[in-house]
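J.:
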Amino acid sequence: MTRPVLATATGAPHAAVLGLGAYRPRRVVPNADLVEAIESSDEWIQQRTGIRTRRFAEPDETVEMMSVNAAQRALDAAGLDPRQIDAVVVATVSHLMQTPALAPLVATRLGCEQPAAFDVSAACAGFCHGLATASDMVRGGSARHVLVIGVERLTDILDLEDRGTAFIFADGAGAAVVGPSETPGISPVVWGSDGEQFDLIRQREDWRDVMASDSPVTPHLTMQGREVFRWASFTMAKVAQQALDRAGITADDLDVFVPHQANMRIIDAMARAMKLPPSVKVARDIADQGNTSAASIPLALERMVADGEARSGDLALLIAFGAGLAYAAQVVVVP
Ligand code: UT7
C-alpha cells in the first residue's frame, strides 16, 4: 500500500510590516515620584538610564485594553479590516493568568473571526520573536495577515521599593500587522537564548513557593542589572551585526536603529560598537517611556514614524533582548 503524499502550504514570496500602532498609558510618572521609596534621585536615574519620565497604566488600562487599542491603530495604518487577520500573536510577560492566553481575547475584542491566537513568552525579546514567527507564517502559507502585539503592564509585577528595577520598567503596547509583499520586508531573524543566565532577570518568587507559603507575597520582577548591562552592551552589538550580515546589508545602508529601550547607555554603547554612521537615526523612546519590555520596540519605531524620523521605505534594524536571556534581531522595511 502506498501512503498518500501530504499537501503542503505555499505562502507569499515575501513578508513585510504593513502598519504600526501604539498605545501609551495616560499617566506620566516623573522620576521624582519614585525616588523616595528607593533612596535615589532624578539626577542618578537620568545619568544611569536616560529615563526622565515613564507611563504607568491606570486601572482601566489593562493588557487587553492597551493591546486592542494599539492593534486597531496598526490595522488602520495597514488599511485592513480585523476580519482579514488570520493569526494574532501577543508577546507579553504581564498577562497575569496562567491560561488561557491573552491573544484569543484580544482577537475577539478586535472583531477578528476566530484567528489562530497565542501568546509568546520571550520577555523583552518577545515582539521580535513574534515578528519572526509572523514573517515565517506568511511566507510558509499558514496565515496571510498576522497581528503581532507587544504589551506590558509591568507595574503589576514591579516592586516600587526595589532599587534595581522600580525606576526602569513601565507600561504600554505596540503592534504591527505583517502580511504578504512582492519584495522582502523582513530579513531573516538572528535569535537565541542563554539559559545559563536564567536567574539574571526573573520573577523573584516561584509560584510553588508562593502557594506553599503561610504569608504569600505577590511575585515581583528582579534583575541583576550590572551583569545584564555588560551582556547587553557587548554581546548584543555582535548579534546586531549578525542581523545586518544575514540581511545582506551594512551599517552604511541603514536608516534607522531601534534597539530594545532598556537603558540609554546600552543604546549608545551598541551604536558605538557597531560604528553606526551619524546619518542613522537611533530610537531614544526610553527617555519618556521607560523600559516597556515586549512593547518597547514597536513603541519606539511607531514614535519615529509619527515624528517623521523614520520614513516609509527606510531600513530599520531591530534588536531586542532580556530575560531568558533571550534575544532576537532583524532588519525591516518601515511601512
Ligand atoms: O529589559 C531587559 C534588559 N535590561 C537591561 O538591559 C537593564 C540593564 N541594566 C541597567 O540598565 C543598569 O544596570 C541599571 C540602570 C539597572 C543600574 O545601573 P548601574 O550603572 O549598573 O548601577 P550599579 O548597580 O552598578 O550601581 C552603581 C551605584 C552603586 O553605588 P556604589 O557602589 O558605586 O557606591 C549602587 O549602590 O549606584 C548605586 N545604586 C543606586 N543609586 C541610586 C544602585 N541603584 C540605585 C538607585 N538609585 N536606584
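To convert, take the position in the sequence shown, counting from 1, and add 4; that gives our numbering.
The C-beta atom is built at its ideal place from N, Cα and C for all residues, glycine as well.
#1: Any idea what DSSP makes of Val-93, helix, strand or coil?
#2: How would you write the range of the alpha helix (DSSP H) that Glu-231 sits in, first residue to last?
#3: What are the uninterrupted segments assigned as beta strand (DSSP E) that are 3 or more residues long and contained completely in the region 18 to 66, given in chain order?
#4: Apart from the five residues on each side of it in sequence, which residues of its chain come closer than 6 Å, Cβ to Cβ, to Ala-120?
#5: From the DSSP secondary-structure annotation, give me the bridge partner or partners of Val-334.
#6: Can you name the start and end residues of the alpha helix (DSSP H) that Gly-189 belongs to?
#7: Please determine whether the Cβ atom of Asn-295 lies at a distance below 7 Å from any heavy atom of the ligand UT7.
#8: What residues in its chain sit with their C-beta under 8 Å from that of Leu-162, if we drop five residues either side in the sequence?
#9: So what does DSSP say about Thr-222, is it helix, strand or coil?
#10: Taking DSSP as the reference, what is the three-state secondary structure of Asn-295?
#11: Taking contact to mean 3 or more Cβ pairs, one atom from each stretch, closer than 8 Å, check whether the region 92 to 108 and the region 149 to 165 are in contact.
#12: Below 7 Å, is the gap between the Cβ of Trp-48 and the nearest heavy atom of the ligand UT7?
#13: Output the distance between the C-alpha atoms of Arg-59 and Ser-197, rounded to the nearest integer angstrom.
#14: Can you tell me whether DSSP reads Pro-302 as helix, strand or coil?
#15: Consider the C-beta atom of Cys-128 and the heavy atoms of the ligand UT7; say whether any pair is separated by less than 7 Å.
T.: Judging by the given coordinates:
#1: strand
#2: 229 to 251
#3: 18 to 27, 31 to 34 and 57 to 60
#4: Ala-91
#5: Here residue 334 turns out to be Gln, not Val, going by the sequence shown. Per DSSP, Leu-322.
#6: Here Gly-189 belongs to no alpha helix (DSSP H), and DSSP marks it neither H nor E.
#7: yes
#8: Thr-169, Ala-170, Phe-173, His-224 and Leu-225
#9: coil
#10: strand
#11: yes
#12: yes
#13: 29 Å
#14: helix
#15: yes
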